[in-house]
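Right under this line is the structure:
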């Protein structure tokens, strides 16, 4: 198996630190709002990587954090007049709902930054003792970037060039030795959440959080560290500096980064009005379509999102679902019988599609080519099965298709069609629940209908509904 390592900018043979075991860390979202489709790409991509590693027989310890203390969370809390904890807790739960909709498996561990403060204080203290960090007069603790000689090895940036022209990591502060030094701990501002430390009442910098959580749950050295390519610099670069300076060993063996997601060939931004949350997409499409769309390109390639491409993904997924449904229907109506000689020959031939699928995934997790192999298997099934096929042959082909789709996280069961009278009945129940101020049940009914592809609209004339 070959993986493209951002650290060395080339494909390398994957050899884990410990035989048959993989320690994998993926940077999770900052939870101050519903996740957007840009957040969804690394979730889907690296969930698929994990699934394939497990299919290949590896035991994967998969850790993905939630950043639950951050300026954006605090800003949202101030706007709503609630605590930062209330905001982060709410959006962690919403994120988990969207991940479930995308069929992203829960991580082995989902640590929260606020529950790992002691570890951060400990790591910062070690860095100070080793001379890699220093407290300024206001209590801010900075990392001495120039003391870490390999700084820039992941992003391939030169410190002198950064000093001259890259403002993104320059931070001004009283008592700061070098404009390139970055924050490990910062003093609290009025009304912000804070923790006690030897330097000041404050909170951690963003970068230290992931270093500490990776160390605690996976160890000093891990196999795979992954995330979006926007995190390469400065976040992952700073993680390497902190972790390796503290631990005295290499931090991660392989660095995997997914490409950017654009909307109609433009960068996604709220100001351009092309910003979509996963929840908004779920009102128009089954989230399996979004997953299929994300996997239809190589994870390192930039990916363009558009209505036309989503429709193409919907149609492509439908072909696979129809083939699976046809196999299931034929199997349920077939006679119990062993495979014929011709069927045995076809069954052996179908293993070529598994070989193609594995070859694609072994080549830096090329899901686009893996999906092509699935389509070839679908065509093969459609061509070689009929109502006269034996149950054993149908069962085996069905399981083969399901196994490959499961690696991609694609569910083969079609959602059952909901009838108009059922919809009207649920809407009537929702109306009664709202009248009785049972808003929890009213919201639950809305979610049930949304899950079945029914969008409700509350209008002056009453509730209207439409199919997604």
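Residue numbers (this note's numbering): 4 to 471.
Glycine included, each C-beta is placed from N, C-alpha and C at the ideal position.
Check                                                                                                                  : Outcome
Minimum C-alpha distance to residue 225 - residue among 246, 325, 212                                                  : 246
Own chain partners of residue 179 with C-beta closer than 7 Å, once the 5 adjacent residues on each side are dropped   : 139, 145
N-terminal and C-terminal residue of the beta strand (DSSP E) that residue 469 is part of                              : 465 to 470
DSSP state of residue 39 mapped onto helix, strand, coil                                                               : strand
Rounded C-alpha distance that separates residue 174 from residue 37                                                    : Residue placement at residue 174 is poorly supported in this model, since its pLDDT is 48, which falls under 50; the coordinates still yield a value, given next. Roughly 29 Å separates the two Cα atoms.
For residue 260, three-class secondary structure by DSSP                                                               : strand
Environment of residue 402 [buried if 16+ CB atoms lie within 10 Å]                                                    : exposed
Given residue 118 as reference, the closest of 286, 219, 430, 341 once Cα atoms are compared                           : 219
Boundaries (first-last residue) of the alpha helix (DSSP H) holding residue 229                                        : Element bounds for residue 229: not the alpha helix (DSSP H) but the beta strand (DSSP E), 225 to 231.
First through last residue of the beta strand (DSSP E) which encompasses residue 136                                   : 136 to 138
Nonlocal neighbours in the same chain, by C-beta distance under 7 Å from residue 8, ignoring five residues either side : 15, 257, 258
7 Å CB neighbourhood of residue 23 in its chain, flanking five on each side removed                                    : 60, 61, 62
The segment 311 to 322 / the segment 290 to 302 touching (three or more Cβ pairs under 8 Å)                            : yes
Neighbourhood of residue 232 by C-beta, 7 Å cutoff - its chain only, sequence neighbours within 5 removed              : 260, 261, 262, 263
Reference residue 424, options 341, 414, 468, 286, closest by Cα                                                       : 468
Closest by C-alpha distance to residue 337, when choosing among 363, 380, 390, 305                                     : 390
Member of 352, 377, 133 whose CA lies at the smallest distance from the CA of residue 409                              : 377
Sequence-distant residues of its chain with Cβ nearer than 6 Å to residue 170 (five each side left out)                : Below a pLDDT of 50, predicted positions are generally treated as unreliable, and residue 170, at 47, falls in that range; the measurement from the model is reported next regardless. Here the set comprises nothing.
CB-CB length for residue 39 against residue 157, believed under 8 Å                                                    : Contact doesn't hold; Cβ gap of about 25 Å is too wide.
Residue range of the unbroken alpha helix (DSSP H) whose run includes residue 2                                        : The structure shown does not extend to residue 2, since the chain is modelled only from 4 through 471, so no value can be given for it.
Collapsed DSSP secondary structure at residue 385 in the structure displayed                                           : helix
Straight-line gap, residue 353 to residue 462 (C-alpha atoms, nearest Å)                                               : 53 Å
Opposing strand residues paired with residue 145 [DSSP bridges]                                                        : 137, 186
Rounded C-alpha distance that separates residue 429 from residue 95                                                    : 28 Å
For residue 28, the first and last residue of its enclosing beta strand (DSSP E)                                       : 24 to 29
Pick from 201, 415, 325 that is closest to residue 382, judged by C-alpha positions                                    : 325
Sequence ranges, alpha helix (DSSP H) only - wholly within the segment 352 to 404, length at least 4                   : 370 to 387
Beta-carbon proximity of residue 426 to residue 457, cut-off 7 Å                                                       : yes
Residue 18 (DSSP reduced to helix, strand or coil)                                                                     : coil
CA-to-CA distance, residue 155 to residue 230, given in whole angstroms                                                : 17 Å
Start-to-end residues for the beta strand (DSSP E) that takes in residue 458                                           : 457 to 462
Short Cβ contact (7 Å threshold) for residue 50 with residue 93                                                        : no
Presumed contact (8 Å Cβ cut-off) between residue 497 and residue 306, rounded CB distance                             : Beyond the ends of the chain as shown, which are 4 and 471, falls residue 497; an answer cannot be given.
Identity of the residue in 364, 159, 313 nearest residue 11 by Cα                                                      : 159
Residue 2 in three-state terms, based on DSSP                                                                          : Within the shown structure, residues of the chain are numbered from 4 to 471, placing residue 2 beyond reach of any answer.
With 16 other Cβ atoms within 10 Å as the buried cut-off, status of residue 370                                        : buried
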